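First to last, the sequence lines map onto chains U and V.
Following our numbering, the numbering of the first sequence begins with 236 at its first residue and continues without gaps.
Following our numbering, the numbering of the second sequence begins with 428 at its first residue and continues without gaps.
A virtual CB, placed ideally from N, CA and C, is assigned to each residue, including glycine.
Source: prediction; values computed, not measured.
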Amino acid sequence: MSDERDPPLPGLWLAEEGPEQDVVVSSRMRLARNVDGYHFRSRFRDGEGERLEQYLHGVLTEVDPSFTYLSLADTPQTLCEVLFERHIVSQEHVTAQHPRGVAYTNDGTTSVMVNEEDHLRIQVFGPGLDLETLVANVDDLDDRIGERVDYSFTPRHGYLTSCPTNTGTGLRVSVMLHLPALSYRPDNSRPGTQGIVKVHNAAQKLGLAVRGMHGESSRAEGDFYQISNQVTLGRPSSQAIGDLLDALPQVLLYEREIRAALLKDDRTRIEDTVWRAWAVLTNARQITSAEALSLLSSLRLGVCVEMIDGVGLGTIHRLMIAMRPGHLQRRAGSELKPEDRDIVRATLIRDTLLGTDGN
Amino acid sequence: MLRPCDRCDNQATVHLTEIDKGGGKTERHLCENCARSLHVPQAASKELQKLLKTFEPVHALTSTLTGLSRSCPECGMTFSEFRQHGRFGCAKDYEVFGQEVSRLLRRIHGADTYTGKAPRGGEVREGELIDELTHVREALDAAIHDENYEEAARLRDEIRRIGAGAGSHESPGGGQAPDGAGDGASDGDGES
Ligand SMILES: [Zn+2]
Ligand SMILES: [Zn+2]
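1) If I measure Cβ to Cβ from Glu501 (chain V) and keep anything under 6 Å in the same chain, skipping five residues before and after, which residues do I get?
2) Kindly indicate if chain V contains any beta-carbon less than 8 Å away from that of Phe275 (chain U).
3) Between the beta-carbon of Ala482 (chain U) and the beta-carbon of Leu441 (chain U), is there less than 8 Å?
4) At a CB-CB cut-off below 7 Å, which residues of chain U make contact with Phe506 (chain V)?
5) Taking 7 Å as the cut-off, is the C-beta of Glu501 (chain V) nearer than that to any heavy atom in ligand 2?
6) Please tell me whether Val373 (chain U) has its Cβ less than 8 Å away from any Cβ of chain V.
7) Please confirm if His392 (chain U) has its CB atom under 8 Å from at least one CB of chain V.
8) Examine chain V for any beta-carbon lying closer than 8 Å to the beta-carbon of Pro362 (chain U), and answer yes or no.
9) Going by DSSP, what residue range makes up the alpha helix (DSSP H) through Ala527 (chain U)?
10) Arg564 (chain V) by DSSP, collapsed to three states: which one?
11) Starting from Ile323 (chain U), follow the beta strand (DSSP E) in both directions and report where the run begins and ends.
12) Does Asp436 (chain V) pass the burial test, meaning 16 or more other C-beta atoms within 10 Å, or should it be called exposed?
13) Using a Cβ cut-off of 8 Å, which residues of the stretch 512-546 of chain U contact any Cβ in chain V, in chain order?
14) How big is the Cα-Cα spacing for His562 (chain U) and Met555 (chain U)?
15) Run through chain U and tell me which residues come within less than 7 Å of Phe515 (chain V), C-beta to C-beta.
16) Nearest chain V C-beta to Val370 (chain U) closer than 8 Å, yes or no?
17) Using only the alpha-carbon positions, how far apart do Val523 (chain V) and Ser387 (chain U) sit?
18) Return the residues of the stretch 326-342 of chain U that lie within a Cβ-Cβ distance of less than 9 Å from chain V, sorted by chain order.
19) Say the cut is 7 Å; is the CB of Cys517 (chain V) nearer than that to a heavy atom of ligand 2?
20) Would a check of beta-carbon distances place Thr313 (chain U) closer than 8 Å to chain V?
21) Have a look at Thr550 (chain U) and Glu506 (chain U) and give me their C-alpha separation to the nearest angstrom.
22) At the level of alpha carbons, what is the spacing between Leu364 (chain U) and Val258 (chain U)?
23) Any heavy atom of ligand 2 closer than 7 Å to the Cβ of Asp520 (chain V)?
24) Would Ser262 (chain U) and Gly343 (chain U) qualify as a contact pair, given that the criterion is a beta-carbon distance under 8 Å?
25) On a CA-only basis, which of U:Val408, U:Gln564, U:Glu492 is nearest Ile462 (chain U)? Give me that one, please.
26) Are the CB atoms of Asp458 (chain U) and Ser524 (chain U) nearer to each other than 8 Å?
27) Using a threshold of 8 Å, state whether the C-beta atoms of Val294 (chain U) and His354 (chain U) are closer than that.
28) Nearest chain V C-beta to Pro245 (chain U) closer than 8 Å, yes or no?
29) Under 9 Å, CB to CB, which of the residues in the stretch 465-482 of chain U have a partner in chain V?
30) Can you name the residues that DSSP bridges to Met411 (chain U)?
31) Can you find a heavy atom of ligand 2 that lies under 7 Å from the Cβ of Met504 (chain V)?
32) Figure out for me which residue from U:Thr345, U:Gln485, U:Asn464 has the closest Cα to the Cα of Met403 (chain U).
33) Quick check: what's the CA-CA separation for Val445 (chain U) versus Ser529 (chain U)?
34) Along chain U, in chain order, which residues have C-beta atoms closer than 7 Å to that of Arg434 (chain V)?
35) Give a yes or no on whether the C-beta atoms belonging to Thr296 (chain U) and Phe302 (chain U) are separated by under 8 Å.
36) Let me know if His562 (chain V) comes out buried or exposed under the rule of 16 or more other beta-carbons within 10 Å of its beta-carbon.
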């Protein structure tokens, strides 16, 4: 199905094991950097974007010869979608029209976007909670690029970025959490009494933002939430990371305690939810991604509390990515209408969970 | 119009028709999340947009002293254009709109001076710049008060040498707590 000239796909690190994975799905760190002497992207002159992309392509190849570099203008749409679904590029980077590119490592844990909102967006990822490793990796890559490139930097404002919300360290650190118990609201209870509301409030006081997986601020799709820092000026990046690490144990403890309490007080209902999810996922003939995500979330809870065995978190995480439109279309080798995607998705999920899928 | 988003499986709520140079039409149907992360129709996030609206350009004497007009000589950006889109045009904008930028950064981050790593193994320590800047700024205030514009221009250059942006005359770090002007959505899906 895939052409020989196809570049290697970035690995699915999300399917690997990581610390605290019963609650923390993944961690991410990104740095925003710009190159001195070039306009920011919104003000590129004729040919400036091409020149900068070419220059940075050269730099990145020098920094790490093992990077795969793609100029997105020459990259097929389906491959771009797959890269987006694997977090290698942002959605905006896929649809933009100006000269732009991306470098990534084959294991998929590192990517550098060229000519995104900033000239460089350096990103590292990992499964579970492991910010120390990530910060070491992202700093090292930043230093190696910074040896070869003059960054836009002043001692007063730090790293100068296109958007003032990134000025200073240019760092955004975020962790993706699975909080089904904190999001749980028993019937007849007042709205706003779930634990997740308290998490929102506590995080806000610490200058952290809590959002759903797709940016929503209320109850998130599939109960997947990301917590990230907001402040990039006035304090070193180590402090932003420290704040997050200080806040997380509380959230993790809280989620685990409520999971335990629910299992004790409401076991039948939780079991019912988990096994119904299993029933639909292994039998449905067509399924939307929203329904699949919500059911995979229930299944994930079932795996974490050892109600379901024989399915690993890695399998669930791989499905969460493989069931998205770009991956489905790449798998099918052609463009698919949404209705057809729902059918292909249901088949993929059935085959994967019942162990008949080779992947 | 019930149809899924072009980019994901959510329901599309934003419908656009783009007309290219040749007159060809392309229809796009996006959900709110995708539309937002594609910067359709506006670049700045809601929170940032709100913040920017409250920022009237300050016509400070110090800004005009060295003959700087209120648009960036490097990229042509004006402050009102910046306010509209929430994105700078080049690194020099930080200097050209120094006072407004400092106020804005304090509103967003609660601070307007940097602490942390610097390129090629350097480091900027807390308070390092503030002491020096405060001193020169006081001298600048005095020079302006005495209408000694030549000296004021020199001091302004000095401030620029120390760190980009003339900053403001308010005490540094005296801003509000961050009120959540994030750009999460611009990072695409997932883990912004
Ligand atoms: Zn969408
Ligand atoms: Zn400019």
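Once the coordinates are examined:
1) Cys517, Lys519
2) yes
3) yes
4) Within chain U, no residue comes near Phe506 (chain V); the closest Cβ sits about 12 Å away, beyond 7 Å.
5) yes
6) no
7) yes
8) no
9) 524-539
10) helix
11) Note, Ile323 (chain U): premise wrong, no beta strand (DSSP E); not H, not E.
12) buried
13) Thr523, Ser524, Ala525
14) 10 Å
15) Phe275, Ser397
16) no
17) 15 Å
18) Gln326, Glu327, His328, Val329, Thr330, Ala331
19) yes
20) no
21) 20 Å
22) 9 Å
23) yes
24) no
25) U:Val408
26) no
27) no
28) no
29) Gln465, Val466, Thr467, Leu468, Gly469, Arg470, Pro471, Ser472, Ser473, Gln474
30) U:Ser261, U:Gln461
31) yes
32) Sequence check: residue 403 (chain U) is Gly here, not Met. Considering only alpha carbons, the answer is U:Asn464.
33) 19 Å
34) Gln326
35) yes
36) exposed
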